[in-house]
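J.: Residue numbers (the working numbering): 224 to 760.
The structure's right below; bear with me while I get my questions together.
Below, the structure written as structure tokens:
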């Protein structure tokens, strides 16, 4: 293979633009941007085995859903919902949202161009937070913003750099080596019914899913809450949180939950509109067929892979009720209503016993449902092995879950999850800045490894016991982040609640596979050693 692979995902640039975003959130995104630029500069100047890099961003480089576009001459509000919460995500608003992100993160766009101008390739896989990149207008805006961020490059360098940056609508497939995608299509809280055609063919609006609606309504109302824990947006927890904020805040927060619920049931109605659904199905079919031709995949294989995707929660009234916990409330209220009816219809001790049995029965049924509900991301665990049976790839890489992970597959090969670059409250600095490195040697053996960027270099990721604990208070500038990361946090402003990292004990930096600085590059005296264990043949 001509290049070695670097794979990152879930950087979420733009999440700091969420209305009301806390100072902690803004500092976390700023630190993510700072370290990612450092990561690009470092690898842009160095090669492994003399080969250039192929950087694959496996989804959610940008966070379109956090960018609110208020009513403006170019984007007038079309209804009360848009006057209250801004324009919905759509084909039309994608370029404007991307322009807002680029304005806030010019340094990231500039470093991407410099990295590509140095002879490396960049693949940007579309994720659920930046699904607008599927559309040609948003892709054109991306090219415009990349050019605007690199005025110092000559015209020829700009042209060459842009040619090395490619938007991938679904996956990157390297036969005999790797299958790389974001993975949201296997998560029913974040998937779309037709992954390559998620927009309404008439209005151009994105068909909302749980993830999108949670950020639009709940995260805007309570920006201090984690927008990535959509499976935890149950009514009971939200009610408890709202009541703890006082009467005035409770009313506003509960109103946002009503809007959230209404949006999900509205999406369900949209899924049932036959003509529009058929139009999306046809566009999806055309785009999937085009991807198969471009990637050299047999139609039978790509359609088998497409069938692995999960239908969104909004397709099923039962799953939607379960996710919102409304089914549990209905059982409890139903049990109480039946108990009340028993008290009215019966008399004596029998009435009291019957009412008590009915009330307890409703509560027990609600509890039974709550403990048996399957999380939306659980089916993702079986997908890598099923993919291995459909494509010739020894390594399967996902992002999306924000959970860095590496595991051998039962029938051979290995699955890795890139985790997330974003050092937000979840998963915290201990488990952020993670990425995957895949080196393919001359014999065609792929050597994948899960790594973490810390102290200005890439090191093997070592899972610590405290990393799996809930984020705990600490000083963001703690020396355990590594000197460079600590300096960056202090320069951005210390955040007392930002989680800290611990030492990567046991990390082995002695390895013969050394990333060599490019001759003439800045800081060329630095050498990074990549610990690459046994390969996958």
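Ideal placement from N, C-alpha and C gives every residue a C-beta, glycine not left out.
I need the DSSP call for residue 300, collapsed to helix, strand or coil.
T.: Position 77 of the chain shown holds residue 300. In this structure, residue 300 counts as coil in the three-state DSSP scheme.
J.: Measuring CA to CA, which of 396, 311, 235 and 563 is closest to residue 762?
T.: Outside the shown range of the chain (224 to 760) lies residue 762, about which nothing can therefore be said.
J.: Given a cut-off of 8 Å on the beta-carbon distance, is the pair residue 443 and residue 242 in contact?
T.: In the chain shown, counting from the first residue as 1, residue 443 sits at position 220. In the chain shown, counting from the first residue as 1, residue 242 sits at position 19. Yes, Cβ-Cβ distance for residue 443 and residue 242 is below 8 Å.
J.: Alpha carbon to alpha carbon, what distance is there between residue 682 and residue 732?
T.: Here residue 732 refers to the residue found at position 509 when the chain shown is read from its first residue. Here residue 682 refers to the residue found at position 459 when the chain shown is read from its first residue. Confidence at residue 732 is low in this model, with a pLDDT of 37, below 50, so the placement of that residue is unreliable and no value is reported for it.
J.: Rounded to whole angstroms, how far is the Cβ of residue 278 from the Cβ of residue 345, which I believe are closer than 8 Å?
T.: In the chain shown, residue 278 corresponds to position 55, counting from 1. In the chain shown, residue 345 corresponds to position 122, counting from 1. About 5 Å; that satisfies the 8 Å criterion.
J.: So for residue 398, helix, strand or coil by DSSP?
T.: Residue numbering aside, residue 398 sits at position 175 when the chain shown is read from its first letter. Residue 398: coil per DSSP, three-state reduction.
J.: Residues bridged to residue 683 by DSSP?
T.: As a first step, residue 683 is located in the chain shown; it is residue number 460 there, counting from the start. 674, per the DSSP bridge assignment.
J.: Among 426, 418, 441 and 485, whose alpha-carbon lies nearest the alpha-carbon of residue 506?
T.: Stepping through the chain shown from its first residue, residue 506 is reached at position 283. Nearest of 426, 418, 441 and 485 to residue 506, Cα basis: 418.
J.: For residue 676 and residue 533, what's the separation of their Cα atoms in angstroms?
T.: Here residue 676 refers to the residue found at position 453 when the chain shown is read from its first residue. Here residue 533 refers to the residue found at position 310 when the chain shown is read from its first residue. Spanning the two alpha carbons is a distance of roughly 32 Å.
J.: By Cβ distance, which residues of its chain are closer than 6 Å to residue 518, with the 5 residues on each side in sequence left out?
T.: One-based indexing of the chain shown puts residue 518 at position 295. Here the set comprises 396.
J.: Drop a sphere of 10 angstroms on the beta-carbon of residue 256, count the other beta-carbons inside from all chains shown, and report buried for 16 or more, exposed for fewer.
T.: Position 33 of the chain shown holds residue 256. Label assigned to residue 256: buried.
J.: Among 388, 525, 641 and 227, which one has its Cα closest to the Cα of residue 684?
T.: Here the question's residue 684 lines up with position 461 in the chain shown. Among 388, 525, 641 and 227, the Cα nearest to that of residue 684 is on 641.
J.: Is it right to say residue 258 is buried, meaning 16 or more other beta carbons lie within 10 angstroms of its own, or is it exposed?
T.: Translated into the one-based positions of the chain shown, residue 258 becomes position 35. When all chains shown are included, residue 258 counts as buried.
J.: Do the CB positions of residue 646 and residue 254 come within less than 8 Å of each other?
T.: Counting from 1 along the chain shown, the entry for residue 646 is found at position 423. Counting from 1 along the chain shown, the entry for residue 254 is found at position 31. For residue 646 and residue 254, yes; Cβs fall inside 8 Å.
J.: Along the chain, where does the alpha helix (DSSP H) containing residue 518 start, and where does it finish?
T.: By one-based count along the chain shown, residue 518 stands at place 295. Residues 497-518.
J.: In three-state DSSP terms, what is residue 612?
T.: Position 389 of the chain shown holds residue 612. In this structure, residue 612 counts as coil in the three-state DSSP scheme.
J.: Thinking C-alpha only, which one of 338, 318 and 327 is nearest residue 276?
T.: Position 53 of the chain shown holds residue 276. Considering only alpha carbons, the answer is 338.
J.: How many Å lie between residue 318 and residue 674 at the Cα?
T.: The count along the chain shown starts at 1 and reaches residue 318 at position 95. The count along the chain shown starts at 1 and reaches residue 674 at position 451. Computed Cα separation, rounded: 33 Å.
J.: When we look at the beta-carbon of residue 568 and count the other beta-carbons within 10 Å, is it buried (16 or more) or exposed?
T.: What you label residue 568 is simply residue 345 of the chain shown in a count that begins at 1. It is exposed - the Cβ of residue 568 has fewer than 16 other Cβ atoms within 10 Å.
J.: By alpha-carbon positions, which one of 224, 435 and 233 ends up nearest to residue 657?
T.: As a first step, residue 657 must be located in the chain shown, where it is residue number 434. Checking every option, the nearest Cα to that of residue 657 belongs to 233.
J.: Tell me the DSSP bridge mates of residue 655?
T.: Position 432 of the chain shown, counted from the start, is the residue given in the question as residue 655. Bridge partners of residue 655: 643.
J.: Please identify the residue among 644, 619, 624 and 623 whose C-alpha is closest to the C-alpha of residue 637.
T.: Taking the chain shown and counting its residues from 1, the one referred to as residue 637 is at position 414. That would be 619, whose Cα lies nearest to the Cα of residue 637.
J.: Report, in whole angstroms, the separation of the C-beta atoms of residue 394 and residue 403, which I expect to be a contact under 8 Å.
T.: Taking the chain shown and counting its residues from 1, one reaches residue 394 at position 171. Taking the chain shown and counting its residues from 1, one reaches residue 403 at position 180. Right, their Cβ atoms sit about 6 Å apart.
J.: At which residues does the beta strand (DSSP E) containing residue 344 begin and terminate?
T.: In the chain shown, counting from the first residue as 1, residue 344 sits at position 121. Note, residue 344: beta strand (DSSP E), 344-348.
J.: Can you list, in chain order, the residues of its chain whose CB lies under 8 Å from that of residue 610, leaving out five sequence neighbours each side?
T.: For the purposes of this step, residue 610 is taken as residue 387 along the chain shown, with counting starting at 1. The residues are 402, 528, 531, 616 and 619.
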